[in-house]
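Below you'll find the structure, written out as structure tokens, and then a few comments.
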Amino acid sequence: MARLLGETADLLEISAEDSFRIRSYRQAAAAIETYPNRISDWIRDGKDITAIPGVGKSIAAHLMEIEARGSFDRRDKLLEKYPPTVLEFLRIPGLGPKTIAALIQHFRISTLNELERLCTDQKLRDLPRMGAKLEEKILKGIAHYRQSAGRFLLNFATGIAEELAAYIGGDVTAAGSVRRGKETIGDVDLLVIGQDAAQVLARFVKHPKVHEVLAHGDNKASARVGLEGIQVDVRALPTESFGAALQYFTGSKEHSIVLRQRALRQGLTLNEYGLAKVDSGERVAGRTEAEIYETLGLAWIPPELRENQGEIDAAANGTLPQLIELADIRGDLHMHTTESDGRATLEEMAAANRALGYEYLCITDHSKALAMANGLDEKRAIAFAHRVRELDLGIHVFSGLECDILRNGDMDLANDALAELDFVIASIHSHMNLTGTEMTERLLAAIENPHVKAIGHPTGRILLHRESYAYEFETIARAAARRGVFLEINASPERLDLNQTLIRSAKSLGVRFVINTDAHHPRHLENMRFGVKMARRGWLMAGDVVNTLPLAKFRQAIGNT
DNA sequence: GCCGTTTTCGGCCCGACTGTTTTCAGTCG
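Its first residue numbered 178, the first sequence is counted upward by one per residue in the working numbering.
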């Protein structure tokens, strides 16, 4: 439903509809996407869906039509006018709705290939206000889109941000979605404070990895960096604007819009330079973020929450959660060794965990169904568990297993073998295309197994690569809460599974969590910070996460006494 | 198309950069 509304907003944009109507569609799409309950259920139960903020009479009618027949009239009419392939055009950087509408009208194109030919044939310049530079820009944009679909993993973007910040030197802060900890990143935003702007920007665009300068003005510069072509935006601002600039540059856009609306109601206007009175222009805040939020009557909001999903109300009411921090984690409970498909030995992994200052860890190699990973059968699993327990490296090591959930919901290893282990994570690695009903039954069966303590990477998504498998998440979360089975937040950067919406939903249903790296190499253990980011985005506190417990309490929590 | 501390009508966040054209529209964040 959210996707259909969002696509309709795109189509309305190309057809030059009223911009406020378009925004309404987008806001409704965002509201539905992050809504904790299933809209279909609400409609079937006859509840009033206009109670959802952003959903009014018209969009409610559209949603009921979608529920009834999979589309709605307004969308169908637009699709008669514009083939759905033109939606891709909006993903091309530098190409917006006005240009797209003009191109469709004049050249009757509908596919990226046709658009590309138009540019290589230098036909675009026949139209008013279009020239050679635009043709070139679109060609580069198409190439970039095809290569990466325009998004990058959080760990990659974080690495680029840290490398460039070190190169630029001085007071540089990563802002944008990197600071908010989004699992995929469109571009890297760097904020430079209190230095000579022109000099800083000039130095940035000369970085050896900068392949293409997209914009270079007095206050900001944008460039594509590295072979992957990730876009980096650098903005330079004076020291007295640091807080305002950091707020503005961190976003999200939706969060900032609501913040500025709130400012206006107080007779204030907010931009990247500061918070000022509308009538006199007098500056009242801007040096720190906290100062800005405070002036607006709000507690400072952690960046991970700035998605316009209730955080502003919570900040106004003083009900923001005390979010979990990396330092709260006392042990990593999901990792592999050379016993299955890990790259380091049991001893090396344990030593690496101790070096991170953890109190305990759990070794969870694969089970035999994952033959290509050299998974363990019952006999090997039990023998290995003995070796794990005998380890004496000054850190408590639990013997565990990442046990495959077979197609029918059975565990890969027999229950008497699982009973010998301290901590069993049940994961799906096969038959990922079952129907929603089959997959729900399969996971329910795993949760009912008396030896299963956690569900590993619960949705199975691989970012930018593979969707979650289909199942009824709420049903699974309810069962997990009832049975006391933990849901994993897998910190591996290509998974980051669960996402923030599912974390919040599961928490509201009473689920407790574990945050694990799924490390196959000692250096992967450092990915814990990304898992904690996701937990924070899901509004979790330390108390929601079991592996923040001290050893003795953790043992109680897993029934290991 | 949504919404209500002033509103059931009339508002709806704010600024930088580029290209093409001679004053600004389009795009982006």
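Ideal Cβ placement from N, Cα and C applies to all residues, glycine included.
Note on G420: 16 or more other CB atoms within 10 angstroms of its CB, so buried under the neighbour-count rule. For E389, the secondary structure class from DSSP, reduced to helix, strand or coil, is strand. Judged by DSSP secondary structure, F575 falls within the beta strand (DSSP E) whose first and last residues are 573-581.
Separation of I319 and L292 (C-alpha to C-alpha, rounded to the nearest whole angstrom) is 9 Å. A Cβ-Cβ distance of about 5 Å is found for the pair D410 and S399, placing them in contact under the 8 Å criterion. Taking a C-beta distance under 8 Å as the contact criterion, A656 and A683 do not qualify as a contact pair. CA-to-CA, the gap between N676 and A476 works out to about 25 Å. Here L523 has T514 as same chain residues with Cβ atoms under 6 Å from its own Cβ, once five neighbours each way along the sequence are excluded.
For F266, the closest of T636, L445, I286 by C-alpha to C-alpha distance is I286. DSSP places H642 in the coil class of the three-state scheme, outside both helix and strand. In terms of Cα proximity to M609, the closest of Y646, I315, A594, H628 is Y646. Shown here, F249 sits in coil according to DSSP, grouped into three states, outside any helix or strand. Straight across, the Cα-Cα distance linking A334 with L341 is about 11 Å. The Cβ atoms of F600 and L510 sit closer than 8 Å to each other.
Contact between P670 and A521 fails: their C-beta atoms lie close to 19 Å from each other, not under 8 Å.
DSSP lists E579 as the beta-bridge partner residues of H543.
If the five residues before and after P261 are omitted, its C-beta is found closer than 8 Å to the C-beta atoms of E184, all from its own chain and listed in chain order. When secondary structure is reduced to three states using DSSP, G451 falls in the strand class.
Note that the stretch 290-304 does not touch the stretch 362-375; fewer than 3 beta-carbon pairs, one per stretch, sit closer than 8 Å. By the Cβ criterion, the stretch 185-199 is in contact with the stretch 250-259, since at least three pairs of Cβ atoms, one from each stretch, lie closer than 8 Å.
Annotated three-state conformation of Y537 is strand, per DSSP. Contact between the stretch 612-628 and the stretch 580-589 is established, with three or more Cβ pairs separated by less than 8 Å. The beta carbon of I680 lies closer than 6 Å to those of G715 in the same chain, with the five residues before and after it left out.
For the pair I469 and A492, the CB atoms are not nearer than the 8 Å cut-off. With 16 or more neighbouring CB atoms inside 10 Å of its own CB, Q204 falls in the buried class. About 5 Å separates the CB atoms of R672 and H634; that is less than 8 Å, so the two are in contact. In the DSSP annotation of this structure, the continuous segment of the alpha helix (DSSP H) that includes Q424 starts and ends at 419-427. DSSP places Q408 in the strand class (E or B) of the three-state scheme. For V709, the enclosing alpha helix (DSSP H) stretches over residues 705-714. Residue environment: S517 is assigned as buried (16 or more neighbouring CB atoms within 10 Å of its CB, all protein chains considered).
Sequence-distant Cβ neighbours of A591 in its own chain, meaning closer than 8 Å and more than five residues away, are E555. Leaving aside the five residues that flank I559 on each side, the residues in its chain whose CB is nearer than 7 Å to its CB run, in chain order, A594, E597.
D395 is not a Cβ neighbour of A422, given a cutoff of 8 Å. For the options G223, E360, E210, the alpha carbon positioned closest to that of L181 is the one of E210. Judged by DSSP secondary structure, N530 falls within the alpha helix (DSSP H) whose first and last residues are 523-532.
Going by DSSP, S192 is part of no alpha helix (DSSP H) at all; its letter is neither H nor E.
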